[in-house]
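The listed protein sequences correspond, in order, to chains A and B.
Per UniProt numbering: the first sequence ends with 337, consecutive numbering throughout.
Per UniProt numbering: the second sequence ends with 337, consecutive numbering throughout.
By construction, the Cβ of each residue, glycine as well, lies at the ideal position given by its N, Cα and C atoms.
Below: one structure, written as structure tokens.
There are 2 protein chains.
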Amino acid sequence: MASKRATINDVASLAGVSIATASKALNGRQDVRAATRERVLAAAAELSFQPNALARGLLSGQTRTVGLLTSDSVGRFGIPVLLGAEDAFGAGEMAVLLCDARGDAIREQHHVRALLSRRVDGLIVVGESTDPRPSVSRNLPIPVVYAYGPSEDPADVSFVPDDVGAAAMAVNHLLALGRRRIAHVTGPAHYKAARDREEGLRLALADAGLEQAGRTLSGAWSQRWGRHAAEMLLMAEPEIDAVFCGSDQIAAGFVETARERGRRVPDDIAVVGYDNWEVLSTETRPALTTVDMNLELLGRTAAQHLFAAIDGKATPGVHRMPCQLVIRDSTSPPGVS
Amino acid sequence: MASKRATINDVASLAGVSIATASKALNGRQDVRAATRERVLAAAAELSFQPNALARGLLSGQTRTVGLLTSDSVGRFGIPVLLGAEDAFGAGEMAVLLCDARGDAIREQHHVRALLSRRVDGLIVVGESTDPRPSVSRNLPIPVVYAYGPSEDPADVSFVPDDVGAAAMAVNHLLALGRRRIAHVTGPAHYKAARDREEGLRLALADAGLEQAGRTLSGAWSQRWGRHAAEMLLMAEPEIDAVFCGSDQIAAGFVETARERGRRVPDDIAVVGYDNWEVLSTETRPALTTVDMNLELLGRTAAQHLFAAIDGKATPGVHRMPCQLVIRDSTSPPGVS
DNA sequence: TACGTTTCCGAAAACCTTTAAGTCCAGGAG
DNA sequence: CTCCTGGACTTAAAGGTTTTCGGAAACGTA
């Protein structure tokens with residue numbers, strides 16, 4: 001361990017100037033002779049001087065730090081958002097203070113206070129689902145943006161994936177392949193994500209003047225449920241030619257069971273998943289066509305808008321971010337597979 | 001947004017005392033009358049006063065903040081470690097400053113400097129694999145602990161899963177079930193994890209006086225490779241009765257192909273995976289017996305030892321943390337399934 | 001009254017940096 | 001020669017908190 005951290009005072013003494021001059025030299029300001037600046041820089045290098053961000057922040061009122069508050073144990077959805085945010089901040093000077101509330105409102109409040117006391121410049125709140133969540137920003141002295149899970153308060157700034165549009169896009173893809181008897185298997189109906197994706201399906205089918213094949217099957221987001229739903233669906237609606245699944249896990253389960261029951265994917269039944277969770281979507285056979293919510297982009301965008309808000313240019317409201325359909329073998333046109 | 005943040009000065013004025021007295025009252029120190037303390041506390045509450053952590057840190061030299069430096073984009077292994085660390089810190093007062101070096105040494109240095117300038121009290125470095133990595137702690141004025149991926153420097157403090165012991169444990173489990181012809185499919189041989197796990201297998205077999213069934217098959221960590229290896233293995237060594245896989249992905253692929261080839265799991269072939277990645281291990285049929293590396297515990301332990309190191313009690317060396325065998329259906333004794 | 005003790009409170013320094021304002025000096029213009 | 005200008009540098013204040021030390025009041029004792 002180095003003995004003691006060098007301060008700008010040490011640098012100034014070593015260079016034989018005042019601390020004011022040292023500061024100016026180090027920050028590239030005017031009013032300092034080239035020779036002097038060089039002496040200061042040399043001294044700083046020799047002492048491996050690092051300016052104390054605390055002192056700087058105390059003075060300027062800006063810490064160049066943002067808080068990232070997640071509720072879902074930094075789970076499946078938090079990570080990419082976090083990465084995108086870190087990406088937007090990272091290259092520059094911003095740092096991210098990470099807090100996990102583990103879904104507990106009390107703990108969340110506690111973390112908000114801790115972050116406030118650390119004088120973060122802003123806050124990103126990552127939801128655990130796309131269901132609107134209570135606002136945390138009432139009377140907060142710093143800007144807040146919500147990612148993935150929007151705030152209940154429309155005056156807040158929120159970024160969410162456009163589930164409705166993405167589902168419609170997925171279904172239109174199936175329609176373009178000539179599929180006409182499309183079924184829907186999805187997660188628990190109390191999730192807004194499930195309802196939104198069903199809504200997108202409904203819209204796309206209505207546009208095409210078609211009826212959905214059978215009723216929507218709501219269960220869990222799991223592979224197990226996908227297998228179970230496949231059993232039921234193949235029994236009840238034997239002549240379906242496509243399935244839109246609410247998650248890749250469901251789709252993976254569906255594909256597995258369909259194959260065991262002698263249905264070929266995609267020839268007999270085309271399957272579309274959701275999430276583009278690569279460990280599943282690229283490893284099932286056939287690989288899954290699926291919706292990628294571009295969460296990393298979403299996180300990056302949220303971070304950029306947080307910057308804007310810090311600079312005083314807020315853009316309130318819920319912003320729906322476009323998703324992307326990743327086309328793989330589970331929806332190849334016949335003969336192409 | 002609230003107008004302006006209250007300082008201890010505002011609190012003191014409102015309570016009609018000096019800032020020194022206010023500080024003492026707020027921090028529960030002696031030398032302040034009960035009535036006065038109450039007045040101060042009331043004033044603080046009214047102004048919703050939050051002490052400025054910057055000022056406090058500047059004075060005390062302690063920020064109650066640690067840096068968490070990850071190389072693997074907070075991937076599969078970083079998350080649980082991070083959670084464990086956050087857990088150990090969280091309840092109390094510590095905060096975590098997250099940095100992702102994305103595997104780039106330059107960026108890593110940059111982040112270390114940034115963290116240093118923010119005066120973090122310590123650093124946790126999370127590796128992307130169990131291969132030893134260059135030390136980052138040379139001449140750093142703060143303690144550093146390494147989690148998952150150890151430092152090359154034995155004077156540093158590192159925590160890694162005990163892959164050798166865990167593999168031996170897994171194989172002993174197979175032996176206890178009466179399996180005698182055990183094969184091994186694992187990831188790329190240049191990974192220390194792959195070599196360590198093979199070593200554990202070797203030791204367990206040697207103890208039992210047995211030979212491995214066929215040679216170790218090294219490929220990728222993927223499901224695809226698991227399927228491919230299964231094809232080869234069932235051809236080359238048809239009479240194997242157990243397989244030890246280097247990852248759950250490999251195991252999932254193996255199980256799938258084995259079933260398609262008419263081998264029953266676990267009756268004909270018992271399968272053990274590695275990682276306990278639940279989306280795979282609990283969703284395959286049958287569910288996988290697998291090694292759980294207890295990464296969350298590892299992260300928590302690393303964090304606790306970082307605390308100890310901050311308090312001056314370091315424990316240098318590479319600490320191997322015990323793993324745990326999670327027994328599921330893929331190794332049920334015959335007739336129990 | 002003089003003095004010591006206890007209890008409570010306030011003044012001021014310290015932490016480190018940035019910046020506004022001020023000082024000093026050389027050189028050019030009048 | 002005087003005055004002004006501008007460049008190069010220094011002084012000092014500010015930012016919010018904690019802590020040390022000293023001061024004042026109240027009270028008891030001689």
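- Query: Can you tell me where the beta strand (DSSP E) with Ile-182/A in it begins and where it stops?
  - Reply: Ile-182/A: member of the beta strand (DSSP E) spanning 182 to 186, first to last residue.
- Just the Cα atoms here: how many angstroms apart are Gly-115/B and Arg-215/A? In the sequence under discussion, the amino acid at residue 115/B is Leu, which differs from the Gly named in the question. Put simply, the backbone Cα of Leu-115/B is about 55 angstroms away from that of Arg-215/A.
- Cβ-based burial, Glu-93/A [other Cβ within 10 Å; buried from 16]: It is exposed - the Cβ of Glu-93/A has fewer than 16 other Cβ atoms within 10 Å.
- Message: Can you tell me whether Ala-176/A is helix, strand or coil according to DSSP?
- Response: Three-state result, Ala-176/A: helix.
- According to DSSP, is Gly-122/B helix, strand or coil? Residue state, collapsed to three classes: strand.
- Query: Can you list the alpha helix (DSSP H) stretches of 4 or more residues lying completely in the stretch 262 to 325 of chain A, in chain order?
  - Reply: Residue ranges of uninterrupted alpha helix (DSSP H) with 4 or more members, entirely inside the stretch 262 to 325 of chain A and ordered along the chain, are 278 to 281 and 295 to 310.
- Item | Beta-carbon proximity list for Leu-140/B, same chain, < 8 angstroms, skipping 5 on both sides | The beta carbon of Leu-140/B sits closer than 8 angstroms to those of Val-112, Leu-116 and Leu-123, all from its chain and outside the five residues before and after it, given in chain order.
- In its own chain, which residues sit with a C-beta less than 7 angstroms from the C-beta of Met-1/B, not counting the 5 before and 5 after it? Any reading at Met-1/B is ruled out, since the residue's pLDDT is 40, under 50, leaving its predicted position unreliable.
- Message: Any beta carbon from chain B within less than 8 angstroms of Ser-337/A's own beta carbon?
- Response: With a pLDDT of only 47 at Ser-337/A, under the threshold of 50, the placement of this residue in the model should not be trusted; the figure read from the coordinates follows. With 8 angstroms as the cut-off, Ser-337/A does not count as an interface residue toward chain B.
- Item | Three CB pairs or more closer than 8 angstroms across the stretch 118 to 134 of chain B and the stretch 281 to 291 of chain B | No: fewer than three Cβ pairs fall under 8 angstroms.
- Reducing DSSP to helix, strand and coil, say where Phe-77/A ends up. Reduced to three states, the DSSP call for Phe-77/A is coil.
- So who's on the other strand from Phe-49/A, going by DSSP bridges? Partner(s): none; Phe-49/A has no beta bridge.
- Counting along the chain, where does the alpha helix (DSSP H) carrying Thr-21/A start and finish? Taken as a continuous stretch (DSSP letters only), the alpha helix (DSSP H) holding Thr-21/A covers 19 to 26.
- Item | Residue from Ile-250/B, Leu-234/B and Asp-248/B whose Cα sits closest to the Cα of Asp-268/B | Among Ile-250/B, Leu-234/B and Asp-248/B, the Cα nearest to that of Asp-268/B belongs to Leu-234/B.
- What residues from chain B crowd round Asp-10/A, counting only those whose CB sits closer than 8 angstroms? Neighbours of Asp-10/A across chain B, judged by C-beta separation under 8 angstroms, do not exist; the nearest C-beta is about 14 angstroms away.
- Any idea if Lys-4/B is buried or exposed, counting beta-carbon neighbours within 10 angstroms, 16 or more meaning buried? Lys-4/B counts as exposed, since fewer than 16 other beta carbons sit within 10 angstroms of its beta carbon.
- Using 8 angstroms as the limit for Cβ to Cβ distance, is Ile-79/A near chain B? So, interface residue.
- Query: What's the gap between the Cα of Cys-245/A and the Cα of Ser-23/B?
  - Reply: Within the model, the alpha-carbon separation for Cys-245/A versus Ser-23/B is close to 59 angstroms.
- Determine which residues share a DSSP beta bridge with Val-160/A and list them. Its beta-bridge partners are Arg-320/A.
- Item | Reduced DSSP category for Val-11/B - H, G, I as helix; E, B as strand; rest coil | Secondary structure of Val-11/B (DSSP, three-state): helix.
- Message: Pairs of beta-carbons, one from the stretch 9 to 16 of chain B and one from the stretch 320 to 335 of chain A, closer than 8 angstroms: are there three or more?
- Response: No, the stretch 9 to 16 of chain B does not touch the stretch 320 to 335 of chain A.
- In chain order, which continuous runs of the alpha helix (DSSP H) of length 4 or greater are located wholly inside the stretch 193 to 277 of chain A? Segments of the alpha helix (DSSP H) lying fully in the stretch 193 to 277 of chain A: 223 to 236 and 248 to 260.
- Message: Judging by CA-CA distance, which residue of Leu-68/A, Ala-15/A and Arg-64/A is the nearest neighbour of Ala-42/A?
- Response: Put simply, of Leu-68/A, Ala-15/A and Arg-64/A the residue whose alpha carbon is nearest the alpha carbon of Ala-42/A is Ala-15/A.
- Message: My output table needs one value for Thr-331/B: the three-state DSSP class, helix, strand or coil.
- Response: Residue state, collapsed to three classes: helix.
- Is the stretch 215 to 224 of chain B close to the stretch 139 to 156 of chain B, with three or more CB pairs under 8 angstroms? Counting C-beta pairs with one atom in each stretch, the stretch 215 to 224 of chain B and the stretch 139 to 156 of chain B have fewer than three that are closer than 8 angstroms, which means they do not touch.
- So the beta strand (DSSP E) Leu-68/A belongs to, where does it begin and stop? Here the beta strand (DSSP E) through Leu-68/A covers 65 to 70.
- Task: Let me know the secondary structure DSSP gives Ala-95/B once reduced to three states.
- Result: Note: Ala-95/B maps to strand in three-state DSSP.
- Item | Opposing strand residues paired with Tyr-148/A [DSSP bridges] | In the DSSP assignment, Tyr-148/A is bridged to no other residue.
- Item | Supposed close pair Arg-119/B, Asn-52/A - CB separation, criterion 8 angstroms | Under the criterion of beta carbons closer than 8 angstroms, Arg-119/B and Asn-52/A qualify as touching, at roughly 6 angstroms.
- Task: Answer with yes or no whether the minimum CB distance from Arg-320/B to chain A is below 8 angstroms.
- Result: Nearest CB-CB separation between Arg-320/B and chain A: not below the 8 angstroms threshold.
- Task: Going by DSSP, name the residue or residues bridged to Arg-133/B.
- Result: Arg-133/B pairs with Ser-151/B.
- Going along the chain, which residues of the stretch 279 to 293 of chain B sit with their C-beta nearer than 8 angstroms to a C-beta in chain A? Within the stretch 279 to 293 of chain B, the residues whose Cβ lies closer than 8 angstroms to some Cβ of chain A are Val-279, Leu-280 and Glu-283, listed in chain order.
- Item | Chain-ordered residues of the stretch 110 to 124 of chain A with a beta carbon less than 7 angstroms from chain B | So the list reads Arg-113, Ala-114, Leu-116, Ser-117, Arg-118 and Arg-119, given in the order they occur along the chain.
- Is the stretch 178 to 187 of chain B touching the stretch 149 to 162 of chain B, taking contact as three or more C-beta pairs under 8 angstroms? No, they do not touch.
- Query: Taking Cβ-Cβ distances shorter than 9 angstroms, what residues in chain B pair up with Gly-178/A?
  - Reply: Annotation: Gly-178/A has no Cβ neighbours in chain B at a cutoff of 9 angstroms; minimum Cβ distance is about 30 angstroms.
- Delimiting residues of the alpha helix (DSSP H) encompassing Ile-106/A: Start and end: 105 to 117.
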